[in-house]
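*Asks:* Keeping their order, the protein sequence lines are chains A and B.
Per this note's numbering, residue 1 is the first one in the first sequence, and the count goes up by one each step.
Per this note's numbering, residue 112 is the first one in the second sequence, and the count goes up by one each step.
Even glycine gets a Cβ: it sits at the ideal position worked out from N, Cα and C.
Please read through the structure below; I'll follow up with questions.
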Amino acid sequence: AQSVTQLDSQVPVFEEAPVELRCNYSSSVSVYLFWYVQYPNQGLQLLLKYLSGSTLVKGINGFEAEFNKSQTSFHLRKPSVHISDTAEYFCAVRNDYKLSFGAGTTVTVRA
Amino acid sequence: NAGVTQTPKFRVLKTGQSMTLLCAQDMNHEYMYWYRQDPGMGLRLIHYSVGEGTTAKGEVPDGYNVSRLKKQNFLLGLESAAPSQTSVYFCASSPPTSGQETQYFGPGTRLLVL
Numbered sequence: 001a002q003s004v005t006q007l008d009s010q011v012p013v014f015e016e017a018p019v020e021l022r023c024n025y026s027s028s029v030s031v032y033l034f035w036y037v038q039y040p041n042q043g044l045q046l047l048l049k050y051l052s053g054s055t056l057v058k059g060i061n062g063f064e065a066e067f068n069k070s071q072t073s074f075h076l077r078k079p080s081v082h083i084s085d086t087a088e089y090f091c092a093v094r095n096d097y098k099l100s101f102g103a104g105t106t107v108t109v110r111a
Numbered sequence: 112n113a114g115v116t117q118t119p120k121f122r123v124l125k126t127g128q129s130m131t132l133l134c135a136q137d138m139n140h141e142y143m144y145w146y147r148q149d150p151g152m153g154l155r156l157i158h159y160s161v162g163e164g165t166t167a168k169g170e171v172p173d174g175y176n177v178s179r180l181k182k183q184n185f186l187l188g189l190e191s192a193a194p195s196q197t198s199v200y201f202c203a204s205s206p207p208t209s210g211q212e213t214q215y216f217g218p219g220t221r222l223l224v225l
């Protein structure tokens, strides 16, 4: 089964600074990748997904991710964060019709 | 649409007690899932269902049972709760159609086993 590894468990960042969250996946012929966000005391919400096509994927709230097959990576970026982006972010890969999640990256945005 | 709802939101159990968590979705989705979330471990799949009347084991099924008697409901049961089952439980659902792989999550149930 495919798996993902999130390389950073915690990422502190100042408001209006850029942020990058790193995710590597195990190699496979084809791969579907996702980023979910979990705001405090809430369920998970889809940020964006890569199924095929353009390697640069744009999501909600100004986030984007780039699928890099040669580096088996799917890093999430935002050029300028807001206090409201404080949350936990999960990278996930699809296995059949199931998802396998990374351990999560906690982003804390400070003023 | 309410989306995915979970009942209860919070529960405290004593070791050995039993309980059932209810998940309901009003999106007519075929697939439903139960996950548990523990610090530093992300979400781990407990059981899932690909349709009414079907269930299958996920990554961490021991100590849990599930039933999918109706398409819109997916029940997670703990027959004899243990402190190791203290966690936050999330239910999710998704349609089966290719290109619609997004899973929609409920708000979660916080379970404390003493």
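(1) Rounding to the nearest angstrom, what Cα-Cα distance links residue 122 of chain B and residue 148 of chain B in this structure?
(2) Scan the segment 41-54 of chain A for residues whose Cβ lies nearer than 9 Å to a Cβ of chain B and list them as they occur along the chain.
(3) Counting Cβ pairs, one atom from each stretch, are 3 or more of them under 8 Å apart for the segment 77-84 of chain A and the segment 58-68 of chain A?
(4) My output table needs one value for residue 191 of chain B: the three-state DSSP class, helix, strand or coil.
(5) Looking only at its own chain, which residues have a Cβ that is under 8 Å from the Cβ of residue 58 of chain A, when we skip the five neighbours before and after it?
(6) According to DSSP, which residues form a beta bridge with residue 130 of chain B?
(7) DSSP three-state call for residue 160 of chain B: helix, strand or coil?
(8) Taking a cut of 7 Å between CB atoms, which residues from the segment 209-225 of chain B lie near chain A?
(9) Name the one or two DSSP bridge partners that residue 66 of chain A has.
(10) Express the C-alpha separation of residue 8 of chain A and residue 116 of chain B in angstroms, rounding to a whole number.
(11) Can you tell me whether residue 6 of chain A is helix, strand or coil according to DSSP?
(12) For the beta strand (DSSP E) holding residue 24 of chain A, just list the boundary residues, first then last.
(13) Is any beta-carbon of chain B found at less than 7 Å from that of residue 94 of chain A?
(14) Using a Cβ-Cβ distance cut-off of 7 Å, determine whether residue 59 of chain A contacts chain B.
(15) Buried or exposed, going by whether 16 or more other CB atoms sit within 10 Å of the CB of residue 39 of chain A?
(16) Starting from residue 101 of chain A, find everything on chain B with Cβ-Cβ shorter than 7 Å and list it in chain order.
(17) Suppose contacts are defined by Cβ-Cβ distances below 7 Å. Is residue 189 of chain B in contact with residue 152 of chain B by that definition?
(18) How big is the Cα-Cα spacing for residue 167 of chain B and residue 3 of chain A?
(19) Grab the span of the beta strand (DSSP E) containing residue 205 of chain B for me, first residue to last.
(20) Could you check whether the Cβ of residue 175 of chain B sits closer than 7 Å to any Cβ belonging to chain A?
*Replies:* In short:
(1) Residue numbering aside, residue 122 of chain B sits at position 11 when the second sequence is read from its first letter. Residue numbering aside, residue 148 of chain B sits at position 37 when the second sequence is read from its first letter. Going from the Cα of residue 122 of chain B to the Cα of residue 148 of chain B covers about 15 Å.
(2) Listed in sequence order: 41, 42, 43, 44, 45, 46, 49 and 51.
(3) In short, these stretches touch, since the Cβ pair count reaches three.
(4) Numbered from 1 along the second sequence, position 80 holds the residue referred to as residue 191 of chain B. It is coil, neither helix nor strand.
(5) On the first sequence, residue 58 of chain A is found 58 positions in, with the first residue counted as 1. Excluding positions up to five away in sequence, the list reads 48 and 64.
(6) Taking the second sequence and counting its residues from 1, the one referred to as residue 130 of chain B is at position 19. According to the DSSP secondary-structure assignment, residue 130 of chain B is paired through a beta bridge with B:189.
(7) Start at 1 with the first residue of the second sequence, and residue 160 of chain B comes out as number 49. In the displayed model, residue 160 of chain B falls within a strand according to three-state DSSP.
(8) Residues 210, 212, 213, 214, 216, 217, 218 and 219.
(9) As a position in the first sequence, residue 66 of chain A is number 66, starting the count at 1. In DSSP, residue 66 of chain A forms a bridge with A:56 and A:75.
(10) Residue 116 of chain B sits at position 5 when you count from the first residue of the second sequence. Residue 8 of chain A sits at position 8 when you count from the first residue of the first sequence. Rounded to the nearest angstrom, the two C-alpha atoms are 31 Å apart.
(11) Translated into the one-based positions of the first sequence, residue 6 of chain A becomes position 6. In the three-state reduction of the DSSP assignment, residue 6 of chain A falls in the strand class.
(12) On the first sequence, residue 24 of chain A is found 24 positions in, with the first residue counted as 1. 23-25 is the span of the beta strand (DSSP E), which, as asked, contains residue 24 of chain A.
(13) As a first step, residue 94 of chain A must be located in the first sequence, where it is residue number 94. At a cut-off of 7 Å between C-beta atoms, residue 94 of chain A counts as an interface residue with respect to chain B.
(14) As a working note, residue 59 of chain A is residue 59 in the first sequence. Cβ-Cβ to chain B under 7 Å: no for residue 59 of chain A.
(15) Along the first sequence, one-based indexing puts residue 39 of chain A at 39. It is exposed - the Cβ of residue 39 of chain A has fewer than 16 other Cβ atoms within 10 Å.
(16) Residue numbering aside, residue 101 of chain A sits at position 101 when the first sequence is read from its first letter. Residue 101 of chain A reaches chain B at 153 and 154, counting residues in chain order whose Cβ is nearer than 7 Å.
(17) The sequence position of residue 189 of chain B within the second sequence is 78, counting from 1. The sequence position of residue 152 of chain B within the second sequence is 41, counting from 1. Result no, Cβ atoms of residue 189 of chain B and residue 152 of chain B do not sit closer than 7 Å.
(18) Residue numbering aside, residue 167 of chain B sits at position 56 when the second sequence is read from its first letter. Residue numbering aside, residue 3 of chain A sits at position 3 when the first sequence is read from its first letter. Rounded to whole angstroms, residue 167 of chain B and residue 3 of chain A show a C-alpha spacing of 20 Å.
(19) On the second sequence, position 94 is the one that residue 205 of chain B refers to. Where residue 205 of chain B is concerned, the enclosing beta strand (DSSP E) stretches over 198-205.
(20) Residue 175 of chain B sits at position 64 when you count from the first residue of the second sequence. Chain A contact via Cβ: absent.
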